[in-house]
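Be aware that the sequence shown starts at 111, since it is given in the working numbering, and climbs by one per residue.
Report on the structure given below.
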Amino acid sequence: MGKYVRYVSLCIGIIITFGYTGSVCAQDISLTATVDQNILKLHDRLELTLTIHGTQDTSPPSFPNIEGFTLLFGPKVSAQTRIVNGDVSISKEYTYVLQPAAKGKFIIGPSTVEYKGKVYSSRPVGVEVVDSSHSADSQSPDLDKLIFLELCADKNDTYIYEQVVLSFKFFFQKGLPVSDIDYTAPVTKNFMEEKLGDQRQYEEIRDGIIYNVLELRTALFPMVSGELTVTPAKLKCDLIIQQRRSRRDSNHDSFFDDAFFDDFFGKEQKRYPLKRSTKPVTIKVKPMPEQGKPKEFKGAVGAYEMEASIGTRQVKVGDPITLSISIYGEGNIQTINEPVLALHNENDFKLYPAESHTQITNREELIRGRKVFSKVIEPQKTDLKYTPAIVFSFFDPSAGQYKTITKNPMPIFVEAGQQEMPIQLTLSGDTAPSAKQHAQILTQDVLPIMTNLASLRNQNISVYKSPLMIACLSIPSIAVIASLLITRHKEKLQSDVGYARYRRAHTIAKKRLVTAQSALSQNTPAEFYSALSRALADYLADKCNISTTDASDEKIGYVLKQRGVEDGLAGEFSRCLTNFDYRRFSGDGGTKDEMDRSLKLAAQLITRLEKQLS
């Protein structure tokens, strides 16, 4: 049995080894040089790490040319193997500890390593050595080098409705403890936004320093033309820095400053509360050109394809035919309007408004999706051989021109409808006309009309089966149950404050919206946005039984996430509340149309949140 187990283990090991070999072989070979800090003092030590990526089967890399430093010890060699989703990455590190010998700016030259006849080199790294000082302030690290933010767009010159990717990056030095992170997203006024994927986390080398990077990406769709600004993103956090404990007896500093005693006695931890802010991002938005705009264009911007199919091909005059039209591709798929049917004669088909549903198929790099329209048409003649052609026009920003997709007519066979017997109307007496008048059903609608006696129900039913009798007998029981429920509800409202707030939240919010409507009609922006802000904040506080301060924009995401609300809705609610507060206190009330849109948006958010929290 033991031999069998060892044999199976050996086989599995061989399979895994050869399986990983294929993944490793595809990995690129590279050599990087990094340092733990690029500004240091004379008494500090510098760690230089040379990393070979993609293989562990090489000789050590050459030691770079370094002036102004003394090698204390090294290299310390370590090998790493990582397996992520079946992909294997391997590396080998050589770490050296250096001591600066003079002040000034120095360049650590490139290191080289040879692998299979090819030489790989690292990039030079710049470091600066400054004066040593024993003051307390000298022990404070260069925080701007330890942590910083970036906010950028993938394009700063775009068309209206074109997709723009906004990227927020939080850099902090590898191995640096960071706690109590509080992120404030930028305000994206005049943009429609969609979240792109989950938070990304990776490593990046800047100026020879390895940083951990947290990245949040958002797809923006500008809704107006002109020069638009995305406000700065902000972040608060605490940095925890390990520092040497101060010595009372300076005569022994040279002895006790050894790293051995730092490790033995421990280092002092110091917290540095930080506030960081990015620069604003300006995006120039161009209107779509008028030249070449097709008459079928309805505002779609992106890169799209179209498919179409038909439900049934053989019908009678007046019978419904369902056309399934699918638009898919890259862009703001949710705002696409239904394609146009090219009719030769308006009397050929009776058309009904299309129903649609949208599916976002990709949120990782760009917003991609599919929107399907179900269009019902009814042929009105027997000589119709084809459905109308389907035409969809959009503006392709990458090409800078309009494009039109046309789906050819699909063949159908239309039969004559069932011949209806005329209904004779005969009036007796003096008012009777001399000729008989006839009434005839001309066509069927989407729902057919009953035309034969077999569809009529026998009305000769027993009295006790009459709905009226059943309703009368049920009234006393229903009244008793309703009375008990109402009594219990009133008692709970009086005894349970949380329940009372939960039940009355929607009603109070609607009253706040009525107040906002009144302020809108009087054109008083400050009172208007104050009412909207109170409507949203008080609704959330009452619905979740929390204090109003906990319903601030900084905590909304956390509160709603705990209660299972979708991230998109929570983010939209938070941004809306932030915008209302900004307009409330800044005096920038905007136009009356903007105020009206804000009122409708607030009402929609409360309605959507009511469905998810109920």
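Even for Gly, the Cβ is constructed at its ideal location relative to N, Cα and C.
Looking at residue i: is its Cβ nearer than 9 Å to the Cβ of residue j?
i    : j    : result
Y225 : L160 : no
V411 : P449 : no
Y204 : P174 : no
F278 : T341 : no
E474 : L306 : yes
S232 : L141 : yes
L494 : I522 : yes
V297 : N689 : yes
F683 : L715 : yes
A452 : L433 : no
A189 : S201 : yes
K653 : A615 : yes
V395 : S335 : yes
I257 : V288 : yes
G527 : K426 : yes
I487 : K460 : yes
Y271 : G409 : yes
A146 : E157 : Correcting the residue type first, residue 146 is Asp in the shown sequence and not Ala. Cβ distance < 9 Å, so D146 and E157 count as in contact.
What would DSSP say about residue i, mapped onto helix, strand or coil?
i    : result
L286 : coil
R694 : helix
D348 : strand
D292 : strand
M302 : strand
P220 : coil
G164 : coil
R155 : coil
Y612 : helix
T341 : coil
V624 : helix
R685 : helix
I580 : helix
I591 : helix
A542 : Because the pLDDT at A542 is just 47, under 50, the model does not fix this residue reliably, and the value given afterwards should be weighed accordingly. If DSSP states are grouped into helix, strand and coil, A542 belongs with coil.
I585 : helix
I487 : strand
G510 : coil
G236 : strand
L330 : strand
L630 : helix
I477 : coil
I149 : strand
L679 : helix
G618 : According to the sequence shown, residue 618 is Ile rather than Gly. Three-state DSSP puts I618 in a helix.
I193 : strand
P185 : strand
G307 : strand
T497 : coil
Q249 : In this prediction, Q249 has a pLDDT of 46, which is less than 50 and means its spatial position is unreliable; nothing more can be read from the coordinates.
Measure from the C-beta of residue i to each C-beta in chain D and report whether the shortest distance is under 9 Å.
i    : result
L306 : Among the chains in the structure shown there is no chain D, since it carries only a single protein chain.
Between residue i and residue j, how many whole angstroms is the CB-CB distance? I'm expecting something under 8 Å.
i    : j    : result
G479 : Y512 : G479 to Y512, Cβ: 21 Å. No contact.
I477 : I446 : Not confirmed; about 12 Å, so no contact.
L208 : A343 : With a Cβ gap of about 37 Å, L208 and A343 do not count as contacting.
D290 : C347 : 6 Å
A645 : A626 : 7 Å
V730 : N148 : In the structure as shown, the chain starts at 111 and stops at 724, and residue 730 therefore has no counterpart that could be examined.
S640 : R685 : Contact flag wrong, Cβ pair sits at about 18 Å.
K481 : T468 : 5 Å
S503 : F638 : That pair is no contact at about 39 Å.
I393 : L338 : 5 Å
Output the boundary residues of the beta strand (DSSP E) element that contains residue i.
i    : result
S416 : In the sequence as presented, Ser is not what sits at residue 416; that position holds Met. First-last of the beta strand (DSSP E) with M416: G412 to I420.
D197 : D197 to P210
K228 : K228 to S231
K389 : Careful: K389 lies outside any beta strand (DSSP E) and carries neither H nor E.
N266 : Neither: N266 is in no beta strand (DSSP E) and is coded neither H nor E.
T142 : S140 to V145
F523 : F523 to E525
K426 : Q424 to K426
Just reading off the alpha helix (DSSP H) that residue i is part of, what are its end residues?
i    : result
G667 : I666 to Q672
S708 : K702 to L723
S640 : P635 to C654
D254 : L253 to L256
Problem set entry | Start-end ranges of the beta strand (DSSP E) lying completely within the region 438 to 470, minimum 3 residues | 450 to 452 and 459 to 461
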